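Colleague: Handing you this structure, nothing more for now.
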Amino acid sequence: MAKLTFTINGTRRTLDAAAGARLIDVLRDGLGLTGTKPGCREGTCGSCTVLVDGRAMRSCITPAASVAGKRVTTIEGLATAGKLHPLQQAFLDYEAYQCGYCTPGMIVGAAGLIARNASPGEQAVRQALDGHICRCGSQPRIVQAVRAAAEVMRRG
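So, in structure tokens, the structure goes:
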């Protein structure tokens, strides 16, 4: 075991992590943040996406030790003061989900996109979320939700 110190959803934490532990396991098992979903565990489905220093990353293939000293944001960390993040609200408003399993990863991935591009067009959204697998066929509503949330965020 090694001590791992990083900022999770705005709170600096230190915890014991096994050598070779993956970030998803530290989040879910060590911190009880179960919104980050394990899917393929190979980095290809996107359901485990988190932000590391504002950049979307697949937590299932990210060594926990690599986030030492960094800021990690999960789906739980997007809401503030009990108020949903505009992306979370837009996914509800546009019904951009069916089973919901991919939704946390999609929302966090979209947050990473909007942080880089405040006004993403349809193609930019599709490209950013290309690798996020949704078997339910919600892609058109997902794109609409991301673009609507970006507009809300630009207006402040």
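For the working numbering, add 48 to where a residue sits in the sequence shown, where the first one is 1.
We put the beta carbon where it would ideally sit given N, CA and C, even for glycine.
Note that the structure is a prediction, hence the values are computed from the model and not measured.
If you count every other CB in all the chains shown that lies within 10 Å of the CB of S167, and 16 or more means buried, which is it?
Modeller: exposed
Colleague: Can you name the residues that DSSP bridges to K51?
Modeller: For K51, which the question treats as bridged, DSSP gives the partners D64.
Colleague: Please state the DSSP three-state secondary structure of T84.
Modeller: coil
Colleague: Around the C-beta of A158, are 16 or more other C-beta atoms found within 10 angstroms, so that it is buried, or is it exposed?
Modeller: buried
Colleague: Go through the region 91 to 157 residue by residue and report every complete run of the beta strand (DSSP E) that reaches 3 residues or more, in order.
Modeller: 97 to 100, 103 to 106 and 119 to 121
Colleague: Rank V98, F139, G125 and V194 by C-alpha distance to the C-alpha of D222 and give the top, closest one.
Modeller: Examination of residue 222 is not possible in this model, given that the chain is present from 49 through 204 alone.
Colleague: Using the C-alpha atoms, what's the distance from P134 back to G179?
Modeller: 22 Å
Colleague: What's the gap between the Cα of I155 and the Cα of G83?
Modeller: 11 Å
Colleague: Assuming P188 is part of the alpha helix (DSSP H), what are its boundary residues?
Modeller: Q187 to R203
Colleague: Please name the residue, chosen from N57, T128 and T62, that lies closest to M49 on a Cα-to-Cα basis.
Modeller: T62
Colleague: I'd like to check one pair, Q136 with A129: are the Cβ atoms closer than 8 Å?
Modeller: no
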